[in-house]
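Undergrad: Please see the structure below; I have some questions.
Protein chains: 2
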Amino acid sequence: MTLNKKNTITVLGAGNMGMALAKVVAENGHPVLLWDLKKFLPKQKLPLRMKATADLQEALKASNIAVIAIPSPYLRGLLKKIPKRLLKHEILVNCSKGIEPGSLKRMGQVLEAMTRKSGARIVDFSGPSIANELQKKELTAVTLASHSPQALKKISTLFKNKYFRVKTSSDLIGVELGGIMKNVYSIGIGITDTLRPSANTRSYLLTQALEEMMMLGKVLGAKTETFSGLSGMGDLIATCLSKDSRNRKLGEAIARGKSVAAAQKEIGQVTEGYYAAVALSALARKHRVKLPLLQKIHRILYKKASPKTLFDPL
Amino acid sequence: MTLNKKNTITVLGAGNMGMALAKVVAENGHPVLLWDLKKFLPKQKLPLRMKATADLQEALKASNIAVIAIPSPYLRGLLKKIPKRLLKHEILVNCSKGIEPGSLKRMGQVLEAMTRKSGARIVDFSGPSIANELQKKELTAVTLASHSPQALKKISTLFKNKYFRVKTSSDLIGVELGGIMKNVYSIGIGITDTLRPSANTRSYLLTQALEEMMMLGKVLGAKTETFSGLSGMGDLIATCLSKDSRNRKLGEAIARGKSVAAAQKEIGQVTEGYYAAVALSALARKHRVKLPLLQKIHRILYKKASPKTLFDPL
Numbered sequence: 000m001t002l003n004k005k006n007t008i009t010v011l012g013a014g015n016m017g018m019a020l021a022k023v024v025a026e027n028g029h030p031v032l033l034w035d036l037k038k039f040l041p042k043q044k045l046p047l048r049m050k051a052t053a054d055l056q057e058a059l060k061a062s063n064i065a066v067i068a069i070p071s072p073y074l075r076g077l078l079k080k081i082p083k084r085l086l087k088h089e090i091l092v093n094c095s096k097g098i099e100p101g102s103l104k105r106m107g108q109v110l111e112a113m114t115r116k117s118g119a120r121i122v123d124f125s126g127p128s129i130a131n132e133l134q135k136k137e138l139t140a141v142t143l144a145s146h147s148p149q150a151l152k153k154i155s156t157l158f159k160n161k162y163f164r165v166k167t168s169s170d171l172i173g174v175e176l177g178g179i180m181k182n183v184y185s186i187g188i189g190i191t192d193t194l195r196p197s198a199n200t201r202s203y204l205l206t207q208a209l210e211e212m213m214m215l216g217k218v219l220g221a222k223t224e225t226f227s228g229l230s231g232m233g234d235l236i237a238t239c240l241s242k243d244s245r246n247r248k249l250g251e252a253i254a255r256g257k258s259v260a261a262a263q264k265e266i267g268q269v270t271e272g273y274y275a276a277v278a279l280s281a282l283a284r285k286h287r288v289k290l291p292l293l294q295k296i297h298r299i300l301y302k303k304a305s306p307k308t309l310f311d312p313l
Numbered sequence: 000m001t002l003n004k005k006n007t008i009t010v011l012g013a014g015n016m017g018m019a020l021a022k023v024v025a026e027n028g029h030p031v032l033l034w035d036l037k038k039f040l041p042k043q044k045l046p047l048r049m050k051a052t053a054d055l056q057e058a059l060k061a062s063n064i065a066v067i068a069i070p071s072p073y074l075r076g077l078l079k080k081i082p083k084r085l086l087k088h089e090i091l092v093n094c095s096k097g098i099e100p101g102s103l104k105r106m107g108q109v110l111e112a113m114t115r116k117s118g119a120r121i122v123d124f125s126g127p128s129i130a131n132e133l134q135k136k137e138l139t140a141v142t143l144a145s146h147s148p149q150a151l152k153k154i155s156t157l158f159k160n161k162y163f164r165v166k167t168s169s170d171l172i173g174v175e176l177g178g179i180m181k182n183v184y185s186i187g188i189g190i191t192d193t194l195r196p197s198a199n200t201r202s203y204l205l206t207q208a209l210e211e212m213m214m215l216g217k218v219l220g221a222k223t224e225t226f227s228g229l230s231g232m233g234d235l236i237a238t239c240l241s242k243d244s245r246n247r248k249l250g251e252a253i254a255r256g257k258s259v260a261a262a263q264k265e266i267g268q269v270t271e272g273y274y275a276a277v278a279l280s281a282l283a284r285k286h287r288v289k290l291p292l293l294q295k296i297h298r299i300l301y302k303k304a305s306p307k308t309l310f311d312p313l
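The listed protein sequences correspond, in order, to chains A and B.
Counting along the first sequence from 1, when you hit position 120 you're at 119 in numbering that gives the first Met the number 0, and nothing is skipped either side.
Counting along the second sequence from 1, when you hit position 295 you're at 294 in numbering that gives the first Met the number 0, and nothing is skipped either side.
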């Protein structure tokens, strides 16, 4: 395979999501260069049109479009390591879902701030897309958000195929916020389905979660209707109910009596909701919004509140 | 037990839902008189403060408040049988979820029209409340809708307790419509989870369902935000994902290759979504709204379309 800067796509991060998107893009006919630290690079034979490298410079120089699928706690650190001359991308697709603890910035904002001078256009990727299922080619639909219609068109064309449908939005804040908040509520639903398995209870708390997303979204400038779409309600349901969700597994383990530390160790990978709970609580406080369900989950994770307190009146 | 018109509640319909609500009200300290045809009356010993009768006249004369939990195809027929002098209720609570095929009226509208002269105030009951779970006292939250704040206050007080939470709304159309439409989509999710079990696919179609609810709601005069609440998104999730849902079971059976008729026979009880699919298709046509997912389910139920067509592009 010869890599050609004009049509090659760089994917940063070879975790489940990075791998899933790399496969989709390669299958759609575009050469893909997948980057990660040596120890995280896939051992198996890669599909047609896909190459892997542990050389960040090589990965970034190869393309005009980069997809970023790095766990949010590592995003800023990675961006800091990249020399400015290597960040000359036309479009950066952000898949990282989190809020930075100190600055209270969304990952999309962190990315935007750190690449502003490069002129790259940012596209946020969000929606019900459990990576293992996407890799198995299950019918999946997601939302891409950007202020640039051209960038949306280009990335939609790159991703979409028979089993992968793509909608677009101009509401970057709402699309990204849904993807961040759902991880926290997924921990709550993991607790609920373990301690009080009931379609009624689960639906009640999921509805409360959606309402809280809309409340925080409103003060941050998001459009309310965004949260009833794929990146809001859709992603919330998928993440909360899929057995593959790490955040859900964290809730299940806590409900079975594990300490938060032991539960995280058991899961072994980054559970974004654990970090997001702190930053979202702070963000809600800053904007004087009450998010009672989120705050309960926060107290269970960080203040040793009993998982049973989830069912107290909101 | 002495029945006292001032505090007795009549419940019409001893199906799962009627029985569940009767139990809640009785447990909350109010005498309940449960009516149904003799063959449907419960055989088991009734809880404290609950009595059953097959005498419609006795049931209606006993109270100022009646809860109506009759399958929608039988509601008008039952109301017709009731002499006007017996319909002197202060409040009628409607739990029937359906649209009348010919008139295209919601059950709440049928009830309103047929009891207008009595001066009764109508309260619509909707939300994620699988009856079997409510009977087991699982934590449940629902929405009551009415134009009368007094009626809402009275019925809330009647229902709410430690495991049963109640929200109120003035959007009768939106609250009722969510409860009707979700039954059709539940058939679709039964098909999806049988043919293509995937959190991604299910979340995608559930999001599409919510969007279609909002679209039809908008032209009918409902408030969009109602559909992201308990009676919309909440009820949709509960009904679509609960193994107890008859509509879901209908979808599962069709997906396994059963004819619609054989599947209905197997289930044995009224599957509201089967009837609602026709009326909602007609309502959408009348108001020139496109509901692609609903129309696919309609074609599967009535036009022998293959269940697999559900996954064709919308």
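All residues carry an ideal CB built from backbone N, CA and C; glycine is no exception.
Look at alanine 119(A) and isoleucine 90(A) and say whether their C-beta atoms are less than 8 Å apart.
TA: Residue mapping note: residue 119(A) aligns to position 120 of the first sequence, counting from 1. Residue mapping note: residue 90(A) aligns to position 91 of the first sequence, counting from 1. Yes. Within cutoff.
Undergrad: For proline 100(B), would you say it is in contact with chain A, using Cβ-to-Cβ distances shorter than 8 Å as the test?
TA: Here the question's residue 100(B) lines up with position 101 in the second sequence. Not closer than 8 Å to any Cβ of chain A, the Cβ of proline 100(B) fails to qualify, so no.
Undergrad: Would you mind stating whether lysine 96(A) and methionine 106(A) have Cβ atoms separated by less than 8 Å?
TA: Counting from one through the first sequence, the residue named residue 96(A) turns up at place 97. Counting from one through the first sequence, the residue named residue 106(A) turns up at place 107. For lysine 96(A) and methionine 106(A), yes; Cβs fall inside 8 Å.
Undergrad: Output needed in chain order: residues of the segment 15-43 of chain B with a Cβ under 9 Å from some Cβ in chain A.
TA: none
Undergrad: Span of the alpha helix (DSSP H) holding serine 202(B)?
TA: Along the second sequence, read from residue 1 onward, the residue named residue 202(B) stands at position 203. Counting along the chain, the alpha helix (DSSP H) containing serine 202(B) begins and ends at 198-219.
Undergrad: Select from the segment 189-209 of chain B all residues with a C-beta closer than 7 Å to any C-beta belonging to chain A, and list them in chain order.
TA: Arg195, Ser197, Ala198, Asn199, Thr200, Ser202, Tyr203, Leu205, Thr206, Leu209
Undergrad: So which residues on chain C does leucine 133(A) lean against when the C-beta distance must stay under 7 Å?
TA: Included in the structure are the protein chains A and B, with no chain C among them.
Undergrad: Is glycine 267(A) buried or exposed, if buried means 16 or more other CB atoms sit within 10 Å of its CB?
TA: Here the question's residue 267(A) lines up with position 268 in the first sequence. When all chains shown are included, glycine 267(A) counts as exposed.
Undergrad: Compare the C-alpha of leucine 47(A) against each of Val218(A), Leu240(A), Gly189(A), Lys22(A) and name the closest.
TA: If you number the first sequence from 1, residue 47(A) lands on position 48. It is Lys22(A) whose Cα lies nearest to the Cα of leucine 47(A).
Undergrad: Just confirm the distance between the C-beta atoms of glutamate 132(B) and serine 197(A), as a whole number of angstroms; I'd bet it's less than 8 Å.
TA: Along the second sequence, one-based indexing puts residue 132(B) at 133. Along the first sequence, one-based indexing puts residue 197(A) at 198. Contact flag correct, Cβ pair sits at about 5 Å.
Undergrad: Given this structure, state the Cα-to-Cα distance separating leucine 143(A) from lysine 50(B), to the nearest angstrom.
TA: Here residue 143(A) refers to the residue found at position 144 of the first sequence. Here residue 50(B) refers to the residue found at position 51 of the second sequence. Approximately 57 Å between the Cα atoms of the pair.
Undergrad: For a quick check, are the C-beta atoms of glycine 272(A) and valine 141(A) less than 8 Å apart?
TA: Position 273 of the first sequence, counted from the first residue, corresponds to residue 272(A). Position 142 of the first sequence, counted from the first residue, corresponds to residue 141(A). No, the Cβ-Cβ distance between glycine 272(A) and valine 141(A) is not below 8 Å.
Undergrad: Of all the CB atoms in chain B, is at least one closer than 8 Å to the CB of methionine 232(A)?
TA: Taking the first sequence and counting its residues from 1, the one referred to as residue 232(A) is at position 233. With 8 Å as the cut-off, methionine 232(A) counts as an interface residue toward chain B.
Undergrad: What's the gap between the Cα of asparagine 6(A) and the Cα of phenylalanine 158(A)?
TA: Against the first sequence, residue 6(A) aligns to sequence position 7. Against the first sequence, residue 158(A) aligns to sequence position 159. Going from the Cα of asparagine 6(A) to the Cα of phenylalanine 158(A) covers about 13 Å.
Undergrad: I'd like the list of long-range same chain contacts for tyrosine 341(A), defined as Cβ closer than 6 Å, with 5 residues on each side in sequence excluded.
TA: Residue 341(A) is absent from the structure shown; chain A starts at 0 and stops at 313.
Undergrad: Please go through the same chain and pick out, in chain order, the residues whose beta-carbon is closer than 7 Å to the beta-carbon of glycine 187(A), but skip the five residues on each side of it.
TA: On the first sequence, residue 187(A) is found 188 positions in, with the first residue counted as 1. Closer than 7 Å at Cβ, skipping near neighbours: Leu204, Gly250, Leu292, Ile296, Leu309.
Undergrad: Please give the ranges of any alpha helix (DSSP H) in the segment 33-75 of chain A, keeping only runs that are unbroken, at least 4 residues long and fully inside the region.
TA: 55-60
Undergrad: Pull out every residue of the segment 109-139 of chain A whose Cβ sits closer than 9 Å to any Cβ of chain B, in chain order.
TA: Gly126, Pro127, Ser128, Ile129, Glu132, Leu133, Lys135, Glu137, Leu138, Thr139
Undergrad: Strictly below 8 Å CB to CB, what residues from chain A border proline 237(B)?
TA: Translated into the one-based positions of the second sequence, residue 237(B) becomes position 238. The sequence given here has alanine at residue 237(B), not proline. Chain A residues near alanine 237(B): Ala198, Asn199, Arg201, Ser202.
Undergrad: Please check if any C-beta of chain B sits within less than 8 Å of the C-beta of isoleucine 296(A).
TA: Here residue 296(A) refers to the residue found at position 297 of the first sequence. Not a single C-beta of chain B is nearer than 8 Å to the C-beta of isoleucine 296(A).
Undergrad: In three-state DSSP terms, what is serine 125(A)?
TA: To locate residue 125(A), count along the first sequence from 1; it is residue 126. When secondary structure is reduced to three states using DSSP, serine 125(A) falls in the strand class.
Undergrad: What are the complete alpha helix (DSSP H) segments, minimum 4 residues, inside the segment 86-153 of chain B?
TA: Taken in chain order, the complete alpha helix (DSSP H) segments of 4 residues or longer contained in the segment 86-153 of chain B are 106-114, 130-134.
Undergrad: Based on Cα-Cα distance, which residue from Asn160(A), Ala304(A), Pro70(A), Ile8(A) lies nearest to leucine 59(A)?
TA: Translated into positions along the first sequence, residue 59(A) becomes position 60. Minimum Cα-Cα distance from leucine 59(A) among the listed residues Asn160(A), Ala304(A), Pro70(A), Ile8(A) corresponds to Ile8(A).
Undergrad: List, in order along the chain, the chain A residues whose C-beta lies closer than 9 Å to that of glycine 228(B)?
TA: As a working note, residue 228(B) is residue 229 in the second sequence. Ordered by position in chain A, the residues that pass the 9 Å Cβ test against glycine 228(B) are Thr206, Leu209, Glu210.
Undergrad: Mind checking which residues open and close the beta strand (DSSP E) that includes valine 165(B)?
TA: Indexing the second sequence from 1 puts residue 165(B) at position 166. Per DSSP, valine 165(B) belongs to the beta strand (DSSP E) from 163-168.
Undergrad: Whole angstroms are fine: how far does the CA of glycine 216(A) sit from the CA of lysine 222(A)?
TA: Looking up residue 222(A) in the first sequence gives position 223. Looking up residue 216(A) in the first sequence gives position 217. In a straight line, the C-alpha of lysine 222(A) is about 7 Å away from that of glycine 216(A).
Undergrad: Going by CA-CA distance only, name the one from Arg287(B), Lys307(B), Lys264(B), Asn15(B) that's closest to lysine 135(B).
TA: Mapped onto the second sequence, residue 135(B) falls at position 136. Comparing Cα positions, the closest option is Asn15(B).
Undergrad: Starting from the C-beta of lysine 289(B), find all residues in its chain whose C-beta is less than 6 Å away, skip the five residues before and the five after it, and write them out in chain order.
TA: Your numbering for residue 289(B) matches position 290 in the second sequence. Annotation for lysine 289(B): no residue places its beta carbon closer than 6 Å to its own, counting only its chain and skipping 5 residues before and after.
Undergrad: Just to confirm, are aspartate 123(B) and serine 102(B) a CB contact at a threshold of 8 Å?
TA: Along the second sequence, one-based indexing puts residue 123(B) at 124. Along the second sequence, one-based indexing puts residue 102(B) at 103. Cβ distance not < 8 Å, so aspartate 123(B) and serine 102(B) don't count as in contact.
Undergrad: My output table needs one value for isoleucine 299(B): the three-state DSSP class, helix, strand or coil.
TA: Here the question's residue 299(B) lines up with position 300 in the second sequence. In the structure shown, isoleucine 299(B) sits in a helix (DSSP, three-state: H, G or I).
Undergrad: With a Cβ-Cβ cutoff of 8 Å, do leucine 300(B) and alanine 276(B) count as a contact?
TA: As a first step, residue 300(B) is located in the second sequence; it is residue number 301 there, counting from the start. As a first step, residue 276(B) is located in the second sequence; it is residue number 277 there, counting from the start. Yes, the Cβ-Cβ distance between leucine 300(B) and alanine 276(B) is below 8 Å.
Undergrad: How many angstroms separate the CA atom of arginine 164(A) from the CA atom of alanine 237(B)?
TA: Here residue 164(A) refers to the residue found at position 165 when the first sequence is read from its first residue. Here residue 237(B) refers to the residue found at position 238 when the second sequence is read from its first residue. Taking the straight line from one Cα to the other gives about 25 Å.
Undergrad: Could you check what DSSP says for leucine 313(B) in three-state terms: helix, strand or coil?
TA: As a position in the second sequence, residue 313(B) is number 314, starting the count at 1. Correct three-state label for leucine 313(B): coil.
Undergrad: Please report whether the beta-carbon of leucine 240(A) lies at a distance below 8 Å from any beta-carbon of chain B.
TA: Here residue 240(A) refers to the residue found at position 241 of the first sequence. Cβ-Cβ to chain B under 8 Å: yes for leucine 240(A).
Undergrad: Considering only residues of the same chain and omitting the five flanking positions on each side of serine 147(B), which have a CB-CB separation below 7 Å?
TA: Taking the second sequence and counting its residues from 1, the one referred to as residue 147(B) is at position 148. Closer than 7 Å at the Cβ level, and outside the excluded window around serine 147(B), lie Arg120.
Undergrad: Taking a contact to mean a Cβ-Cβ separation below 8 Å, would you say proline 306(A) touches alanine 254(A) in this structure?
TA: Taking the first residue of the first sequence as position 1, residue 306(A) is located at position 307. Taking the first residue of the first sequence as position 1, residue 254(A) is located at position 255. Contact flag set, yes.
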